[in-house]
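Just so we're aligned: 238 in numbering that gives the first Met the number 0 is position 239 of the sequence shown, and the numbers increase by one with no gaps anywhere.
For every residue, glycine included, the Cβ atom is placed at its ideal position computed from N, Cα and C.
These notes are about the structure you will find just below.
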Amino acid sequence: MREKGRSREELFSFLARRRGEDLEYGRILSSMCTRPHPVAVEAEAMFAGTNLGDPGLFPGTAGIERLLIESLGDLLHHPGACGYATSGGTESNIQVLRMARGLAGVQDPNVVVPESAHFSFEKACDLLSIEIRPVPLDRNFRMDAEAAEEQVDRNTTCLVGIAGTTEYGMVDPIRILSDIAVDRGVFFHVDAAFGGLVVPFLEEPIPFDFALPGVCSISVDPHKMGMSPIPAGALLVRDEGMLSPLSVATPYLTVKKEYTLTGTRPGGPVAGAFAVLEFLGREGMRSIVQGCMANTARLIAGLETFGLERAVTPDVNVATFTCDRTPPGWQISRTRKGHLRIVCMPHVSRDQVEAFISAMGEIHA
Ligand SMILES: *Cc1c(COP(=O)(O)O)cnc(C)c1O
Numbered sequence: 000m001r002e003k004g005r006s007r008e009e010l011f012s013f014l015a016r017r018r019g020e021d022l023e024y025g026r027i028l029s030s031m032c033t034r035p036h037p038v039a040v041e042a043e044a045m046f047a048g049t050n051l052g053d054p055g056l057f058p059g060t061a062g063i064e065r066l067l068i069e070s071l072g073d074l075l076h077h078p079g080a081c082g083y084a085t086s087g088g089t090e091s092n093i094q095v096l097r098m099a100r101g102l103a104g105v106q107d108p109n110v111v112v113p114e115s116a117h118f119s120f121e122k123a124c125d126l127l128s129i130e131i132r133p134v135p136l137d138r139n140f141r142m143d144a145e146a147a148e149e150q151v152d153r154n155t156t157c158l159v160g161i162a163g164t165t166e167y168g169m170v171d172p173i174r175i176l177s178d179i180a181v182d183r184g185v186f187f188h189v190d191a192a193f194g195g196l197v198v199p200f201l202e203e204p205i206p207f208d209f210a211l212p213g214v215c216s217i218s219v220d221p222h223k224m225g226m227s228p229i230p231a232g233a234l235l236v237r238d239e240g241m242l243s244p245l246s247v248a249t250p251y252l253t254v255k256k257e258y259t260l261t262g263t264r265p266g267g268p269v270a271g272a273f274a275v276l277e278f279l280g281r282e283g284m285r286s287i288v289q290g291c292m293a294n295t296a297r298l299i300a301g302l303e304t305f306g307l308e309r310a311v312t313p314d315v316n317v318a319t320f321t322c323d324r325t326p327p328g329w330q331i332s333r334t335r336k337g338h339l340r341i342v343c344m345p346h347v348s349r350d351q352v353e354a355f356i357s358a359m360g361e362i363h364a
């Protein structure tokens, strides 16, 4: 750290240069994050500096967090859901496995997850010393429910299904998994970090939420399809009692206990997340999501005219292809199996989809 401070002018010109090195969202086709909605940016700025880690000092901000959880609970067919705003899917998934382990109280815990699970489950299992049991997928990249049931035993503390997989955009057979969970008395978590703000707005929603009796908890990330500032995730649970293994006493704060993983927590992104949902409503979200789905379908149809085959028909706005070559200047990604992967986020306009299709056409002519 320097001895004497730098002038504001010089400092900000330095910062601007560095910021200029970042890629523009426009050509990013690989990310599940997107440009935050202008309303989110405004609300975030308004709540800058607020700390949800000490809610008694910021009762207004804490109230917004409760409203966000209520709104998401309502969307996910359980207005009475409890939970809190996390820093994202990773934190939500860590907390769920911690919670489920605490509730089960077994000696050698294991969790049963699809092979398509996000790598946050690996982190969570490592942190918590839980055995991870990956379950193979069917040919549409969805968890094989029968194989999942075979993996469940009396040390299984959590069964996990995914609504909107990170790589292929698939929704696991959540209804069947929910029945298995009820049958076997096992805690069932749905990782809807991405799909939680997509599936409810599809023309034909796929059942994945608290409407299914076995679903105990859901992760959903406003900082993905919710167009919120980063970091904004949410963890929702069916009953408040489920959170009890996470509770710690918090001496010297304005509240006596908390069940969050992080201590100091930013209120800005939470206000941003709430503001977007309020501003757009279901109607606005439906229109954005259906636009992203239409772009996904157009991209698939467009690339297939060049003989590039889709890996699968996705349930949400993630398109994957068998394709080795891609044009320069576009930020794309690859799945672990090597498929080209493109996420049609709200910042990816129809014009950009057409431009990418043309660029692909040129190299595959
Ligand atoms: C993005 C994602 C996560 C991780 O969320 P972060 O916000 O990056 O921590 C977890 N699960 C799924 C299905 C995801 O798509």
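Per DSSP, residue i forms a beta bridge with which residues?
| i | result |
| --- | --- |
| Gly184 | Gly184 is not bridged to any residue. |
| Phe320 | Arg309, Leu339 |
| Val110 | Ile131, Cys157 |
| Ile217 | Val189, Leu235 |
| Tyr83 | Leu234 |
| Asn139 | Bridge partners of Asn139: none, in fact. |
| Pro265 | Asn50 |
| Val247 | Glu257 |
| Ser177 | Answer is none; Ser177 lacks a bridge partner. |
| Arg297 | In the DSSP output, where bridge partners are listed per residue, Arg297 has none listed. |
| Val170 | Ala162 |
| Arg333 | Leu339 |
Going by C-alpha distance, which of the options is nearest residue i?
| i | options | result |
| --- | --- | --- |
| Met98 | Gly240, Leu302, Phe273 | Gly240 |
| Arg100 | Arg65, Pro113, Arg18, Thr155 | Thr155 |
| Phe305 | Asp350, Thr261, Gln351, Ala364 | Ala364 |
| Ala248 | Arg1, Gly52, Arg26 | Gly52 |
| Gly267 | Glu43, Glu308, Gly280 | Glu43 |
| Ser86 | Met344, Arg264, Glu9 | Arg264 |
| Pro204 | Leu235, Val170, Val95 | Val170 |
| Arg132 | Pro108, Arg335, Gly25 | Pro108 |
| Val134 | Leu176, Gly104, Phe200 | Leu176 |
| Glu166 | Phe11, Asp182, Ile179, Pro113 | Pro113 |
| Tyr251 | Leu56, Cys81, Val111 | Leu56 |
| Met31 | Glu202, Asn316, Pro327 | Asn316 |
| Leu201 | Gly262, Gln289, Ser218, Leu71 | Gln289 |
| Ser91 | Ser70, Leu102, Lys122, Leu66 | Lys122 |
| Ala368 | Leu66, Leu158, Pro78 | Residue 368 falls outside the range modelled here, since the chain spans only 0 to 364, and no answer is possible. |
| Val214 | Ile129, Ala39, Gly72 | Gly72 |
| Asp178 | Gly82, Ala162, Ile161, Ala144 | Ala144 |
| Tyr83 | Gly262, Ala318, Val151, Gly328 | Gly262 |
| Thr321 | Leu75, Asp314, Ser332 | Ser332 |
| Thr49 | Arg349, Val38, Ile63, Val110 | Ile63 |
| Ala116 | Asp208, Ala191, Leu126, Thr259 | Ala191 |
| Ile161 | Thr253, Val105, Phe120 | Phe120 |
| Arg349 | Gly337, Leu302, Cys291 | Cys291 |
| Glu353 | Ala15, Gly301, Thr164 | Gly301 |
| His426 | Ala210, Asp323, His346 | With the chain represented from 0 up to 364, any question about residue 426 goes unanswered, as that position is not in the structure. |
| Thr334 | Val311, Ser246, Ile356 | Val311 |
| Ala358 | Gly328, Lys336, Arg1, Thr259 | Gly328 |
| Thr253 | Arg174, Pro54, Arg1 | Pro54 |
| Val151 | Leu127, Asp182, Ile173 | Asp182 |
| Asp208 | Ala80, Arg26, Ala318, Cys343 | Ala80 |
| Gly337 | His346, Met344, Thr325 | Thr325 |
| His36 | Gly25, Leu22, Gly271, Pro313 | Gly271 |
| Leu66 | Val269, Pro230, Glu303, Ile341 | Val269 |
| Ser216 | Gly25, Gly88, Val40 | Gly88 |
| Ala146 | Cys124, Val111, Asp125 | Val111 |
| Ala233 | Glu9, Ile27, Arg17, Glu69 | Glu69 |
| Val347 | Ser29, Val38, Val219, Ala274 | Ser29 |
| Thr33 | Glu277, Pro230, Ile356, Arg297 | Pro230 |
| Leu370 | Phe355, Phe13, Ala318 | The structure shown has nothing for residue 370, since the chain only spans 0 to 364. |
Does chain B have any CB closer than 7 Å to the CB of residue i?
| i | result |
| --- | --- |
| Ile205 | In the structure shown, chain B does not exist; there is a single protein chain. |
Relative to ligand 2, is the shortest distance from any of its heavy atoms to the C-beta of residue i smaller than 6 Å?
| i | result |
| --- | --- |
| Asp190 | With respect to ligand 2, the structure shown offers nothing to examine, as its ligands consist of ligand 1. |
Do the segment 192–204 and the segment 220–230 meet, that is, are 3 or more Cβ pairs less than 8 Å apart?
Enough Cβ pairs lie closer than 8 Å, so yes.
Does the count of Cβ pairs from the segment 299–313 and the segment 346–363 closer than 8 Å reach three?
Taking 8 Å as the limit for Cβ pairs, the verdict is that the segment 346–363 does touch the segment 299–313.
With three or more beta-carbon pairs closer than 8 Å as the criterion, would you say the segment 276–289 touches the segment 139–153?
Contact fails between the segment 276–289 and the segment 139–153, because fewer than three Cβ pairs, one in each stretch, are under 8 Å apart.
Report the start-end ranges of each alpha helix (DSSP H) in the segment 4–39 that is 4 residues or longer and not cut off at the edges.
Correct list: 7–19.
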